[in-house]
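Student:
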Amino acid sequence: MSRHLVAFTSFFILIQTYLFEDVHSAASETLEVSLLPNGAGVRCDTGYDLSMEDCIQKGIDLGGYVKDNKFLGYWRHLPFGCSMEGQGGRIFYNEKPEAINNGRYSPICKSL
12 MSRHLVAFTS FFILIQTYLF EDVHSAASET LEVSLLPNGA GVRCDTGYDL
62 SMEDCIQKGI DLGGYVKDNK FLGYWRHLPF GCSMEGQGGR IFYNEKPEAI
112 NNGRYSPICK SL
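For the sequence shown, this note's numbering gives the first residue as 12, with consecutive numbering after it.
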């Protein structure tokens, strides 16, 4: 199975669980996050990245939304990990560690 098919399948199951069963873990509900300002090169400090599961929940809590199958990807212009396009925009989860924020995305990180 290709890497993209596995990622899409995992994403679909994750969204289905979150949206249709409304399942939230107690640990995720108490997790405090920060929406960093968008800016070129801005990303979460090492160790403060969210999991993919927490990204969806916390992004929605911050006013963002997930659209279509474009949540999970391997982009060079989004920050690594969880981010939101602007404020109240689309939520993304980037799996490319060496990616550099082009300035349009606000990282969502665990609070310091």
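All residues carry an ideal CB built from backbone N, CA and C; glycine is no exception. On a predicted model such as this, the values are computed, not experimentally measured, just so you know.
What residue does the alpha helix (DSSP H) around E64 start on, and which one ends it?
Tutor: Secondary structure note for E64: its alpha helix (DSSP H) is the uninterrupted segment 63-72.
Student: Measure the beta-carbon distance from F103 to S94 and round it to whole angstroms, keeping in mind my assumption that it falls under 8 Å.
Tutor: Approximately 5 Å separates the beta-carbon atoms of F103 and S94; this is inside 8 Å, confirming the contact.
Student: Relative to the C-alpha of E109, which candidate in R87, T41, L123, S122 has its C-alpha closest?
Tutor: Of R87, T41, L123, S122, the residue nearest in Cα terms is R87.
Student: For E155, write down the residues that DSSP places opposite it in a beta bridge.
Tutor: Beyond the ends of the chain as shown, which are 12 and 123, falls residue 155; an answer cannot be given.
Student: Take E32 and list the residues in its own chain whose beta-carbon comes closer than 7 Å to its own, dropping the five residues that flank it on each side.
Tutor: Its pLDDT being 44, under 50, E32 is placed unreliably in this model, and the coordinates cannot settle the point.
Student: By the DSSP assignment, the beta strand (DSSP E) with S85 in it spans what residues?
Tutor: Rather than Ser, the amino acid found at residue 85 in this sequence is Tyr. Y85 -> no beta strand (DSSP E), and no H or E assigned at all.
Student: For G99, count the other beta carbons within 10 Å of its own beta carbon; 16 or more makes it buried, fewer makes it exposed. Which is it?
Tutor: exposed
Student: Measure how close the beta-carbons of Y76 and R101 come, nearest whole angstrom, since I'm counting them as under 8 Å.
Tutor: 6 Å
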